[in-house]
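For the sequence shown, UniProt numbering begins at 1 and goes up steadily by one.
For glycine and all other residues, C-beta sits at the position ideal for the given N, C-alpha and C.
Worksheet for the structure shown next.
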Amino acid sequence: MRITVFAVGRMKAGPERELADRYFDRFSKAGNPLGFDFQGVSEITESRAQTVDLRKTEEAARLFEALDAGAGLILLDERGKALSSEDFAGQMGRLRDEGKRQLIVAIGGPDGHDPRLRQRADLVLALGSLTWPHQIARILVAEQLYRAATILSGHPYHRS
């Protein structure tokens, strides 16, 4: 399953990017034997439209362009479902085992996700009930992807 992180907003060089890249690199190596082919991060700039609804619509259109037919979609949203790391790993494994050839994990812009994306998503996931800056959300996603791979492979990184 090809996995891409789709992010509205760009991450500048610095310690946050280095940490996210470190976990993405770990995920790429740990996930490959499990059938997870990490394709990288696809960044788009935030929409400059005049209204919140138009900004969400424009950003969603870019994400829909990246989605193959039948692809898996996980949206990050503070109003989503809070899962344990084990349950998140289980969702990743389930999507892979169902034959999804592509999975996109989407980090929305400051205005959130368009309702059409929420309807299309296989999972709307909260990283807790707090609101996180884009850079930290990306680090958390990278780490949880790596953690999911270690859980599914039985690696001792995850101890609960």
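Query raised in the report: Between Leu76 and the ligand MN, is the CB less than 7 Å from at least one heavy atom?
Result: With respect to the ligand MN, the structure shown offers nothing to examine, as it has no ligands at all.
Query raised in the report: Using 8 Å as the Cβ pair cut-off and three pairs as the minimum, do the segment 38-56 and the segment 78-91 touch?
Result: The segment 78-91 and the segment 38-56 do not touch, with fewer than three beta-carbon pairs separated by less than 8 Å.
Query - Contact set for Tyr157: own chain, Cβ-Cβ below 6 Å, skip 5 residues either direction - result: So the qualifying residues of the chain are Thr150.
Query raised in the report: So what does Gln102 bridge to, in DSSP terms?
Result: Among the bridge pairs identified by DSSP, Gln102 is matched with Arg2.
Requested in this report: Please confirm whether Leu47 and Glu65 have their CB atoms less than 8 Å apart.
Outcome: Contrary to the premise, residue 47 reads as Ser rather than Leu in this sequence. No.
Query raised in the report: Cα separation between Arg2 and Lys12?
Result: Roughly 25 Å between the two C-alpha positions.
Query raised in the report: Taking the alpha-carbon positions, what's the Trp132 to Phe38 distance?
Result: The alpha-carbon atoms of Trp132 and Phe38 are separated by roughly 23 Å.
Report task. Determine the DSSP secondary structure at Gly109, reduced to helix, strand or coil. Result -> In the structure shown, Gly109 adopts extended strand secondary structure according to DSSP, grouped into three states.
Query raised in the report: What residue range is occupied by the uninterrupted alpha helix (DSSP H) comprising Leu95?
Result: Residues Ser85 to Asp97.
**Report entry** Backbone secondary structure at Phe24 - three-state DSSP
**Finding:** Of the three classes helix, strand and coil, the one that applies to Phe24 here is helix, per DSSP.
Query raised in the report: Can we say the segment 16-32 touches the segment 118-131, given the rule of at least three CB pairs closer than 8 Å?
Result: As far as the Cβ criterion goes, the segment 16-32 does not touch the segment 118-131, which means the pair count is below three.
**Report entry** 8 Å contact criterion, which Val5 and Ile107 should meet: CB distance rounded
**Finding:** That pair is a contact at about 7 Å.
Report task. Just list the beta strand (DSSP E) runs in the segment 22-87, keeping only unbroken ones of 3 residues or longer that don't cross its boundaries, in chain order. Result -> Runs found: 37-44 and 72-82.
Query raised in the report: Hey, out of Val41, Leu152 and Ser153, whose CA is closest to Arg10's CA?
Result: Ranking Val41, Leu152 and Ser153 by Cα distance to Arg10 puts Val41 first.
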